[in-house]
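First residue of the sequence shown: 4, per this note's numbering; consecutive thereafter.
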Amino acid sequence: MSQSPATVATGAAKDGVAGHEKAAPTVGAEGAAGTGAGERRYINRELSVLEFNRRVLALAASRDQPLLERAKFLAIFSTNLDEFFQVRVAGLKDQMAAGLSGTAPDGSPVSDQLRAIRAEVEDMLERRSEIYRLSLVPELAAEGIRLVPWGSLGPADVAYAETQFESQMFPVLTPLAVDPGHPFPYISNLSLNLAVMVRDPSRGHRRFARIKVPPLLPGFMLLPDGQRFVAVEEVIGAFLPELFPGMEIESCHAFRVIRNADLTLAEEEADDLLEAVEMELRRRRFGRAVCLEVESSFDPEVRDLLARELDLRDEDVYQTDGLLDYARLWTLLDIDRPDLKDEPFSPVTPARLASVDDEPVDIFAVIASGDIFVHHPYESFTMSTEAFIRRAADDPEVLAIKQTLYRTSGDSPVVTALIHGAEQGKQVAALVELKARGDEAANIGWAKALEQVGAHVVYGLIGLKTHAKTALVVREEAGGIRRYCHIGTGNYNSSTARTYEDIGILTASPDIGEDLTDLFNFLTGYSRQEAYRRIVVAPLALRARIIELIEKESSYGPGGRIVWKLNNLVDARVIDALYAASREGVQVDLVVRAMCSVRAGVPGLSDNIRVRSLVGRYLEHSRIFYFGEGSAAGETAHNGSQAPKLPSGGRYLIGSADMMERNLDRRVEALVDVTSPEIQARLREILEAELADDELAWELRPDDTWSKTPVAVHFNAQRHLQKLALARAKPASRAKP
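Below you can see the structure in the form of structure tokens.
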């Protein structure tokens with residue numbers, strides 16, 4: 004085994020957050036070195052994904068973050084990178100294999116993109132190793148949490164480890180030899196493995212063997228003192244003679260394989276979509292290898308053997324120092340050291356939904372009295388959106404519940420409530436998106452459970468993913484049938500609702516009720532509905548409506564104002580409309596968490612466009628689209644140093660859609676036009692906070708690099724929104740009857 008990084012963890016790591024001075028990666032004919040900045044209209048979207056992940060990596064280096072949270076961000080960075088290879092790189096390689104030589108919107112040929120990705124990833128892997136070895140490991144040790152190498156263990160520790168190995172590890176390990184009688188074994192996606200070279204001392208034969216580290220084993224073994232941890236693969240490596248008795252162990256090194264994990268379906272040829280997805284999931288286990296990750300000290304002979312058997316080229320092999328499976332750092336958050344973690348925060352119950360004198364509110368009566376705005380994770384998903392579905396399932400006056408389900412949790416209370424509702428005789432219709440990447444298996448399980456109780460389950464539309472976040476409850480009341488609705492930006496997932504920032508509206512608006520009725524008829528039946536009252540739906544009209552609103556804002560010239568908050572912005576037609584608005588003098592502020600192909604502040608192209616990204620404790624996931632509609636006339640020009648208050652008035656839309664080609668053309672998405680002045684004020688409050696942030700924010704420069712926003716007033720938007728939620732949570736006192 005290679006030496007643990009703990010033995011060389013000396014000195015201090017660079018802070019990593021003062022700025023991002025790395026040269027902007029450019030690829031393709033339009034992005035080649037020497038090309039004038041103004042000649043390129045778009046940033047390559049694949050590289051923009053990596054730049055977002057670099058911002059996550061900076062949090063792992065930042066000493067402003069609690070120490071165990073930094074370990075968490077290092078794990079998040081690594082799992083993000085794994086997904087990037089499984090999906091983004093795999094997609095590019097599929098294009099190459101199919102002989103498709105088309106270019107991305109920024110003009111980058113596939114081959115150039117892969118070369119640029121290689122350079123970026125190598126740089127980030129080196130930085131990750133540096134943060135781990137030179138910063139995280141020594142700083143954890145200073146706090147009594149020591150990640151130690153096997154070679155540092157004394158006899159008592161070795162004896163303890165041997166006992167644990169024999170009782171917990173040895174029975175579940177399966178060494179797989181490679182020889183004429185044993186073909187090269189299948190290496191599963193993302194598994195941690197040991198490549199072992201053994202020698203038969205009697206015959207002199209050398210053989211390769213692979214040992215998979217079972218994923219159910221803990222990533223670290225805790226030693227008896229309760230302070231020291233040793234990597235499980237080092238423990239296994241130390242006792243290899245028990246797995247290969249009588250053989251000489253020549254070398255042992257850890258490695259990982261990343262495979263294509265994207266779901267590809269010829270839906271138009273599938274008679275049964277559920278069966279087709281299940282079959283594709285089984286097939287995906289054997290997806291083509293995309294990347295081989297090995298320790299830097301890896302035996303070149305064994306590395307070449309693995310690459311050859313996995314059909315990978317040299318450029319697909321990455322060498323790294325430190326750990327290989329950084330996702331295991333998540334487990335360090337289980338250590339009982341609250342002083343090394345974020346201060347706990349419990350989501351509050353929205354004031355209008357809070358019980359009074361221990362009496363639960365009538366949620367339908369509250370919604371009927373006025374729209375309710377919910378903001379997760381600051382306000383409780385369980386006590387708002389989830390409570391709405393639970394109450395609908397129990398209420399004898401409810402006739403029907405219709406809901407879209409994109410990403411679910413393994414113990415989904417929302418789906419459990421739908422099952423309960425169906426068992427109570429209610430008409431339950433669930434649009435379960437079987438093609439939600441990473442959640443296909445869970446969604447299949449819930450779809451079958453819903454079908455078993457008589458719910459109407461629809462698996463989606465041919466050629467489209469249903470990504471809209473909508474729920475419709477039909478209730479019989481004294482005055483007749485009334486519809487209650489939820490439209491949001493996040494999934495109906497109680498687990499992610501604790502860490503994802505999302506918003507939603509609970510409403511009894513007749514217009515929205517009719518819109519969702521029409522939308523569900525489109526989703527479950529045959530319909531060519533295109534015109535709606537308060538919602539805008541993709542793929543039918545969403546892009547056209549957004550561009551129409553941008554162009555309307557352009558007509559106001561310098562009095563125009565656009566502020567958006569979203570996850571991804573890469574659609575070329577939408578970006579071109581924003582560039583045109585900028586040329587007319589419209590002030591445009593974009594808060595884009597991840598993928599962003601817009602170029603900001605480029606003279607003659609985007610002078611009046613500013614782009615920032617917030618990366619912090621919570622994953623910024625909500626989508627808010629603000630158009631000033633001329634209300635910015637006379638407003639002091641944005642000077643780039645201070646975020647002005649947004650003018651009152653204007654138009655707000657929220658919903659599920661990012662501005663990406665896939666969302667606008669290949670998904671069912673829904674945005675809702677927000678007309679309530681109270682909810683508009685809440686949305687304005689969120690946008691103003693995110694524009695004022697100088698602790699979590701990064702800014703996109705005209706040269707396409709991202710730099711950390713200079714800290715001037717120490718304003719943290721997420722902390723600010725926590726405080727506002729706590730202040731709002733106190734319900735108005737009511738006298739007992």
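By construction, the Cβ of each residue, glycine as well, lies at the ideal position given by its N, Cα and C atoms.
The model shown is predicted, which means the values in this text are computed figures rather than measured ones.
For tyrosine 621, the secondary structure class from DSSP, reduced to helix, strand or coil, is coil.
Glutamine 590 carries a strand assignment under DSSP once its states are collapsed to helix, strand and coil. Here leucine 309 really is in contact with phenylalanine 258; their C-beta atoms are around 6 Å apart, less than 8 Å.
Going by DSSP, proline 680 is part of the alpha helix (DSSP H) stretching over 680-695. Here the region 616-630 makes contact with the region 501-521; the two share three or more CB pairs at distances below 8 Å. In the DSSP assignment, valine 59 falls within the unbroken alpha helix (DSSP H) covering 48-64.
Residue environment analysis places asparagine 524 among the exposed positions, since fewer than 16 neighbouring C-beta atoms fall within 10 angstroms of its C-beta. Here phenylalanine 232 carries a strand assignment [DSSP, helix/strand/coil]. Boundaries of the alpha helix (DSSP H) around isoleucine 366: 366-371.
Taking the C-beta atoms as reference points, arginine 306 is found no nearer than 8 Å to glutamate 253.
Assignment of alanine 257 by DSSP, reduced to helix, strand and coil, places it in the strand class. When Cβ pairs closer than 8 Å are counted between the two stretches, the region 117-127 is seen not to touch the region 189-206, the count staying below three. Runs of the beta strand (DSSP E) lying entirely within the region 652-680, each at least 3 residues long, are 654-658, 670-677 in chain order. Rounded to the nearest whole angstrom, the C-alpha separation of leucine 552 and valine 577 is 11 Å. Where lysine 75 is concerned, the enclosing alpha helix (DSSP H) starts and stops at 70-86.
The C-beta separation of glutamate 236 from valine 260 comes to about 15 Å, leaving the pair out of contact by the 8 Å criterion.
Between serine 132 and threonine 323, the beta carbon gap of about 6 Å places them in contact (Cβ cut-off 8 Å).
Straight-line measurement puts the Cα of leucine 608 at about 11 Å from the Cα of glutamate 587.
Lysine 711 sits in a strand when the DSSP states are folded into three classes.
For isoleucine 375 against leucine 519, the beta-carbon gap comes to about 16 Å, at or over 8 Å, which does not count as contact. When beta bridges are read from the DSSP output, methionine 200 appears opposite Phe211, Ser254. DSSP assignment within the region 94-139 yields the following whole alpha helix (DSSP H) runs of 4 residues or more, N-terminal first: 113-134.
Across the structure, glycine 147 and glycine 240 are spaced so that their CA atoms are roughly 26 Å apart. Note on glutamate 426: under 16 other CB atoms within 10 angstroms of its CB, so exposed under the neighbour-count rule.
The DSSP-derived three-state label of alanine 700 is strand. In this structure, glutamine 455 keeps its C-beta atom at 8 Å or more from the C-beta atom of glycine 619. For glycine 493, DSSP assigns no beta-bridge partner whatsoever.
Look at the beta carbons and you see the region 224-235 touching the region 150-160: at least three pairs across the two are nearer than 8 Å. If you ignore the 5 residues before and after leucine 128, its C-beta comes within less than 7 Å of the C-beta of Tyr321, Thr323, all in its own chain and listed in chain order.
Across the structure, serine 557 and lysine 75 are spaced so that their CA atoms are roughly 43 Å apart. The shortest CA-to-CA distance from alanine 511 to any of Ala368, Asn611, Ala603, Tyr655 is the one to Ala368.
For the 8 Å CB-CB criterion, serine 51 and methionine 598 form a contact.
Rounded to whole angstroms, the gap between the alpha carbons of lysine 711 and valine 594 is 14 Å. A straight-line Cα-Cα distance of about 21 Å links glycine 631 and arginine 536. For phenylalanine 391, the enclosing alpha helix (DSSP H) covers residues 388-397. Of all C-beta pairs linking the region 349-366 to the region 455-473, fewer than three are shorter than 8 Å, placing the two stretches out of contact.
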